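Trainee: Okay, here's the structure, questions in a sec.
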Amino acid sequence: MAHYQRIGNVPHKRHTQHRSPDGALYFEELMGEEGFSSDSSLLYHRHIPSAVVEARVWELPDQSTTPNHPLIPRHLKLHDLFGEQADGGWQEVDAVTGRRLVLGNADVRISYAVCGAPSPYYRNGIGDECVYVESGTAVVETVFGTLEVGQGDYVILPRATTHRWVPTGREPLRLYAIEANSHITPPKRYLSRYGQLLEHAPYCERDLRTPSEVLLAAPDGDDVDGPTEVYVKHRGPGAGGLAGSIHVLPHHPFDVVGWDGCLYPYVFNIADFEPITGRVHQPPPVHQVFEGNNFVICNFVPRKVDYHPLSIPVPYYHSNVDSDEVMFYVAGDYEARKGSGIAEGSISLHPGGHPHGPQPGAYEKSIGVEYFDELAVMVDTFRPLELGEGGIAVDDGVYVTSWVRNESEGQS
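Just so you know, the sequence shown maps onto residues 73 to 484 in this note's numbering.
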């Protein structure tokens with residue numbers, strides 16, 4: 073996000089001496105994208121940020137994938153994925169090591185977690201993360217400062233941002249994690265050439281929440297000068313070209329006294345997205361909220377729908393000839409999928425090469441409807457998605473035939 077932020081204690085000029093009250097020199101770290109040619113921030117540490125006293129292997133959760141073959145649309149019941157932990161076992165799961173891979177390809181991986189325990193300190197060295205909070209509350213502690221998050225929040229974490237998730241409520245924290253192999257940004261068509269969100273964009277900078285303060289010391293009261301483990305996901309020899317390492321730092325990573333720049337984590341709540349509507353049905357790009365390399369993120373929010381006198385509010389049948397479509401149904405009553413078994417917590421996967429659209433009966437029943445009460449997060453990819461172990465575990469196995477069931481069954 074390209075608008076400038078400044079928090080804490082920074083010097084008047086960049087790349088100049090910056091000292092503590094006792095005269096010690098702070099260590100400046102440039103965190104920047106695309107080899108010094110894109111957005112960046114400068115962070116000022118009490119200790120050398122490169123120091124590592126030990127490194128060992130972190131065995132990542134299963135990152136293997138299985139092709140969607142034969143090619144079929146699928147219904148994945150995410151709320152069944154942690155069903156065995158419904159009795160409270162989720163309290164021992166954390167938002168980093170507890171993720172289960174649902175879908176993935178070379179550009180993006182989609183995981184799900186139901187958790188209640190603080191995560192380890194974590195850094196994704198592969199790409200940005202966009203984590204949607206389905207329910208629950210947490211504090212995301214980062215090297216830039218803290219973010220308080222809750223239901224409906226998108227949490228954007230730039231590549232290599234050291235952070236951890238600390239659940240704060242009594243209910244499980246449900247997270248839908250979209251991990252990129254690239255950066256995640258607002259759609260380019262909504263940005264000026266200088267990076268400001270334009271007037272026709274469905275949200276603006278004042279809708280974004282940025283870190284509130286630098287932590288200055290370990291937030292949980294640990295000795296800031298003691299060794300700290302940081303889990304690092306990076307490219308390597310494992311499944312999907314991924315690997316994990318654990319770096320033991322001689323000092324706590326949250327030793328930043330101040331930072332400034334245009335690269336930092338931020339939060340955007342889905343309720344602040346202003347839907348774009350029209351007289352006839354609008355295509356999915358009007359719902360777009362973010363984009364990455366070879367994928368986009370859209371959200372479908374409660375909204376008035378098409379107002380042409382002959383309009384059909386649910387989507388027309390369409391072929392995703394260039395993309396796979398993944399819809400995560402968060403809340404509400406999704407008109408086009410009635411009768412399919414899809415409900416809150418479901419994912420539908422509609423792969424490229426297969427025409428899809430409303431379930432039997434939904435097309436005509438939508439005529440005259442003026443408002444859709446639905447909430448969903450969609451990811452469209454431009455390379456085929458494969459199934460992770462989590463996706464395989466909760467595939468209902470029958471969604472492919474949902475368009476040929478008789479109407480009375482489909483609408484029951």
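Ideal placement from N, C-alpha and C gives every residue a C-beta, glycine not left out. For clarity, every value in this text was computed on a predicted model and none was experimentally measured.
Taking the CB atoms as reference points, tell me whether Val227 and Val339 lie closer together than 8 Å.
Mentor: Taking the sequence shown and counting its residues from 1, one reaches residue 227 at position 155. Taking the sequence shown and counting its residues from 1, one reaches residue 339 at position 267. Yes; because the gap between Cβ atoms is below 8 Å, this pair is in contact.
Trainee: Taking 8 Å as the CB-CB cut-off, is Val174 touching chain C?
Mentor: Any reference to chain C falls outside this structure, which holds one protein chain only.
Trainee: On the DSSP bridge list, what partners appear for Glu458?
Mentor: As a first step, residue 458 is located in the sequence shown; it is residue number 386 there, counting from the start. Pro139, Gly176, per the DSSP bridge assignment.
Trainee: Ignore the nearest five residues each way along the sequence and tell me which others in Ala465's own chain have a CB closer than 7 Å to its CB.
Mentor: Taking the sequence shown and counting its residues from 1, one reaches residue 465 at position 393. Around Ala465: Leu153.
Trainee: Who are His87's beta bridge partners in DSSP?
Mentor: What you label residue 87 is simply residue 15 of the sequence shown in a count that begins at 1. In DSSP, His87 forms no bridge with anything.
Trainee: Quick check on this structure: which residue in Ser412, Ser395, Tyr379 has the alpha carbon closest to the alpha carbon of Tyr443?
Mentor: Against the sequence shown, residue 443 aligns to sequence position 371. The candidate whose alpha carbon is nearest that of Tyr443 is Tyr379.
Trainee: For the structure I just gave you, are there three or more beta carbon pairs, one from the stretch 227-236 and one from the stretch 196-204, closer than 8 Å?
Mentor: Flag = yes, the stretch 227-236 and the stretch 196-204 touch.
Trainee: If I measure Cβ to Cβ from Val125 and keep anything under 6 Å in the same chain, skipping five residues before and after, which residues do I get?
Mentor: Here residue 125 refers to the residue found at position 53 of the sequence shown. Excluding residues within five positions, the ones whose Cβ falls inside 6 Å are Val320, Pro322.
Trainee: With DSSP run on the structure shown, which of helix, strand or coil describes Gly293?
Mentor: Within the sequence shown, residue 293 is the residue found at index 221, counting from 1. For Gly293, the predicted model reports a pLDDT of 49, less than 50, meaning its position is unreliable; a value from the coordinates is still stated below. Residue state, collapsed to three classes: coil.
Trainee: What's the call for Lys305, buried or exposed, on a 16-neighbour Cβ count within 10 Å?
Mentor: Translated into the one-based positions of the sequence shown, residue 305 becomes position 233. Its Cβ being crowded by 16 or more others within 10 Å, Lys305 is buried.
Trainee: Within 10 angstroms of its Cβ, does Ile439 collect 16 or more other Cβ (buried), or is it exposed?
Mentor: Counting from 1 along the sequence shown, the entry for residue 439 is found at position 367. Label assigned to Ile439: exposed.
Trainee: If the criterion is Cβ atoms closer than 8 Å, does the pair Leu115 and Val302 meet it?
Mentor: Reading the sequence shown from its first residue, position 43 is the one you call residue 115. Reading the sequence shown from its first residue, position 230 is the one you call residue 302. For Leu115 and Val302, no; Cβs fall outside 8 Å.
Trainee: Check whether the stretch 417-435 touches the stretch 396-405, counting contact only when three or more Cβ pairs, one atom from each stretch, lie closer than 8 Å.
Mentor: Cβ pair count under 8 Å is three or more, so yes.
Trainee: Should the stretch 238-253 be called in touch with the stretch 341-356, which here means at least 3 C-beta pairs below 8 Å?
Mentor: The answer is no - the stretch 341-356 does not touch the stretch 238-253, with fewer than three Cβ pairs under 8 Å.
Trainee: What residues match up with Tyr116 in a beta bridge as DSSP calls it?
Mentor: Numbered from its first residue, the sequence shown carries residue 116 at position 44. In DSSP, Tyr116 forms a bridge with Glu100, Gly330.
Trainee: Of the residues Tyr98, Gly404, Gly155, Tyr471, which one's Cα is nearest the Cα of Gly56?
Mentor: Any answer about residue 56 is impossible in this case: the structure gives the chain only from 73 up to 484.
Trainee: Count the other C-beta atoms from every protein chain shown that fall within 10 angstroms of the C-beta of Gly155, then say buried if there are 16 or more, exposed otherwise.
Mentor: Within the sequence shown, the letter at position 83 stands for residue 155. Under this definition Gly155 is an exposed residue.
Trainee: Is the stretch 244-263 touching the stretch 197-212, taking contact as three or more C-beta pairs under 8 Å?
Mentor: The answer is yes - the stretch 197-212 touches the stretch 244-263, with three or more Cβ pairs under 8 Å.
Trainee: Identify whether Gly298 lies in helix, strand or coil by the three-state DSSP scheme.
Mentor: Taking the sequence shown and counting its residues from 1, the one referred to as residue 298 is at position 226. Of the three classes helix, strand and coil, the one that applies to Gly298 here is coil, per DSSP.
Trainee: Quick one: what's got a C-beta closer than 6 Å to Ser136's C-beta in the same chain, skipping five residues either side?
Mentor: Numbered from 1 along the sequence shown, position 64 holds the residue referred to as residue 136. Cβ neighbours of Ser136 beyond the five flanking positions: Ala311.
Trainee: Give the DSSP-derived three-state secondary structure of Arg409 in the structure shown.
Mentor: The residue you call residue 409 lines up with position 337 of the sequence shown. If DSSP states are grouped into helix, strand and coil, Arg409 belongs with the helices.
Trainee: Helix, strand or coil: which one does DSSP assign to Gln360?
Mentor: As a first step, residue 360 must be located in the sequence shown, where it is residue number 288. Of the three classes helix, strand and coil, the one that applies to Gln360 here is strand, per DSSP.
Trainee: Could you give the residue range of the beta strand (DSSP E) that holds Ala127?
Mentor: Your numbering for residue 127 matches position 55 in the sequence shown. Residues 126-129.
Trainee: State the Cα-Cα distance for the pair Glu446 and Trp475, rounded to the nearest angstrom.
Mentor: Reading the sequence shown from its first residue, position 374 is the one you call residue 446. Reading the sequence shown from its first residue, position 403 is the one you call residue 475. Approximately 21 Å, taken between the alpha carbons.
Trainee: Look up Val466 in the DSSP assignment and say whether it is helix, strand or coil.
Mentor: Position 394 of the sequence shown, counted from the start, is the residue given in the question as residue 466. It is coil, neither helix nor strand.
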